[in-house]
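Q: Right, I'll just put the structure down here and ask away after.
Chains as they are written, first to last, in the working numbering: chain A, 1 to 253; chain B, 254 to 506.
Right, here's the structure in full:
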């Protein structure tokens, strides 16, 4: 199974600590990785068909502090589609003058929706097909970028369609908010004042966020399996869609 | 003025030598750079709002041999739009299940076409607007990916429209071919057997391509100003559109 990592913050934040823990899991997920950083409306996508443990691109992510308010990362264990750049998540499309970034963990068996709109897969994965379908249906449902609340309601209706074909854990961001949908496994936490120490599960690395953040900083981290030992990760329920904006879970959305 | 660099090869080739010469010109063009590499149908886009001389992303391009058959690079001197990631070339869109990469050098004054289709600019540049318009019109002209010859004929008709609003030097690639249009300044050459020595104009670097290439390798390099002293660069005529496939100029297209 692949692994997902998302970050939504109220101020541009780097993801070096979380990515280090995340990349450690790449040993069994050696079929490429990708990470998308929003910088304003622009998006920076770093991808490699190599394992995140050995890739020079992943090395750059660990070493250079790229600051972003919305990040989506994915480590791939190929289930459908060859190991090529075109099949590597996250995928990016433009809709309503904004970029949309999507990464999927799961396996959608025989989900072959009619794609009659402006979004077509370039690669061969079930994941990109589901993303193109989501974009096509969003484009039908709204004439321009809706509010986060409205978009969440639309997504909640749409996700059940591919969800009926298998496991559909995904993350989606347009740079304004981050949506995370759980079929089988997903967790989140919010780091905010007062900050505490956090130790990575898989590596001997501890960070004191109080030294790196101001009391106004707030960041939500969403991940397949909890990254740290000493923080209170909240599990998603199967079928749950959570939306994060300004570093917090948007309640009631 | 910005600078453009394109490469089209018959076998995956790295661009380290040409990019080194190209990045040297970044001193006066410090408003960001970007480079897109096709790997099969997939595309890897490396961009930075920093100068290509100092950017860690450019450093990675100079050091890691990324092999590609189609490369489009751009060094930016901002004329329209702020210096942000969203305004940094090349731009990427998907059409007919293929990625399209576009970079522009020039200034289109008051080109504000009606964009009623599926392509909208995310940033604020005249360049991205022109690209969205080109994609919209291509989508109208063909139902799916046409042949290179057909696409060239359509592009030749379309380019005169934005071209009437100012200078429209651009490069476009879908990973199968590379189109280069000249308004004011563009040159190309084809490197093939028997290979010779080439020395960069702006740096004290010489490369012996015979040591790096087999006799079957062929690569076309297209650039705003010639990169080397000892090779026969062919200037484009104003208004000329050239198309390159398998490392050669496609004559009669």
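C-beta atoms are modelled at their ideal positions from N, C-alpha and C, and glycine is treated no differently.
(1) If the criterion is Cβ atoms closer than 9 Å, does the pair residue 327 of chain B and residue 342 of chain B meet it?
(2) Hey, residue 121 of chain A and residue 350 of chain B are a contact pair by Cβ (cut 8 Å); roughly how many whole angstroms apart?
(3) Under 9 Å between the Cβ atoms of residue 335 of chain B and residue 381 of chain B?
(4) Who are residue 101 of chain A's beta bridge partners in DSSP?
(5) Please report the residue range of the beta strand (DSSP E) in which residue 270 of chain B lies.
(6) Could you give the DSSP three-state label for residue 58 of chain A: helix, strand or coil?
(7) Could you list which residues in chain A have their beta carbon closer than 9 Å to that of residue 337 of chain B, in chain order?
(8) Examine chain A for any beta-carbon lying closer than 9 Å to the beta-carbon of residue 374 of chain B, and answer yes or no.
(9) In this structure, how does DSSP classify residue 486 of chain B when only helix, strand and coil are distinguished?
(10) Provide the residue span of the beta strand (DSSP E) that contains residue 208 of chain A, from first to last.
(11) My output table needs one value for residue 380 of chain B: the three-state DSSP class, helix, strand or coil.
(12) Reducing DSSP to helix, strand and coil, say where residue 321 of chain B ends up.
(13) I want to verify the contact list: residues of chain B whose CB lies under 7 Å from the CB of residue 96 of chain A, in sequence order.
(14) Per DSSP, what kind of secondary structure is residue 265 of chain B in: helix, strand or coil?
(15) For residue 139 of chain A, would you say it is in contact with chain B, using Cβ-to-Cβ distances shorter than 9 Å as the test?
(16) Nearest to residue 359 of chain B by CA position, among B:257, B:305, B:469, is which residue?
(17) Whose CA, out of B:470, B:495, B:277, lies closest to the CA of residue 430 of chain B?
(18) Kindly confirm or deny that the segment 226-243 of chain A and the segment 283-302 of chain B touch, where touching means at least three C-beta pairs closer than 8 Å.
(19) Is residue 45 of chain A close to chain B? Criterion is C-beta to C-beta, closer than 9 Å.
(20) Assess, as a yes-or-no matter, whether the segment 305-314 of chain B is touched by the segment 242-252 of chain A under the definition of 3 or more beta carbon pairs within less than 8 Å.
(21) Note down, in chain order, every chain A residue with its Cβ under 8 Å from the Cβ of residue 341 of chain B.
(22) At 9 Å on the CB atoms, spell out the chain A contacts of residue 309 of chain B, in chain order.
(23) What whole-angstrom Cβ distance do residue 285 of chain B and residue 298 of chain B have, given they're in contact under 8 Å?
(24) How is the alpha helix (DSSP H) around residue 200 of chain A delimited, first residue to last?
(25) For a contact defined as C-beta to C-beta under 7 Å, what are the partners of residue 93 of chain A on chain B?
(26) Would residue 117 of chain A count as contacting chain B if we go by Cβ distances under 9 Å?
(27) How about residue 379 of chain B and residue 395 of chain B: do their beta carbons lie closer than 9 Å?
(28) Tell me residue 474 of chain B's beta-bridge partners as DSSP assigns them.
(29) For the beta strand (DSSP E) holding residue 46 of chain A, just list the boundary residues, first then last.
(30) From the DSSP secondary-structure annotation, give me the bridge partner or partners of residue 150 of chain A.
(31) Can you confirm whether the segment 161-172 of chain A touches the segment 181-188 of chain A when touching is taken to mean that 3 or more C-beta pairs between the two stretches lie within less than 8 Å?
(32) On the DSSP bridge assignment, give the partners of residue 287 of chain B in chain order.
(33) Near residue 154 of chain A, what residues of its chain come up, given a Cβ to Cβ distance below 6 Å and the 5 sequence neighbours on each side ignored?
(34) For residue 316 of chain B, which of helix, strand or coil comes out of DSSP?
(35) Going by DSSP in three states, residue 492 of chain B sits in which element: helix, strand or coil?
(36) What residue from B:330, B:346, B:310 has the CA that sits closest to residue 428 of chain B's CA?
A: For this structure:
(1) yes
(2) 6 Å
(3) no
(4) A:92, A:173
(5) First-last for residue 270 of chain B: 269-277, but that is the alpha helix (DSSP H), not the beta strand (DSSP E).
(6) helix
(7) 39, 40, 41, 42
(8) yes
(9) coil
(10) 206-208
(11) helix
(12) strand
(13) 373
(14) strand
(15) yes
(16) B:257
(17) B:495
(18) no
(19) yes
(20) no
(21) 42
(22) 60, 63, 64
(23) The pair is not a contact, with the Cβ atoms about 13 Å apart (cut-off 8 Å).
(24) Note, residue 200 of chain A: premise wrong, no alpha helix (DSSP H); not H, not E.
(25) 347
(26) yes
(27) no
(28) B:260, B:442
(29) 42-48
(30) Residue 150 of chain A is not bridged to any residue.
(31) yes
(32) B:300, B:327
(33) 141
(34) helix
(35) coil
(36) B:346
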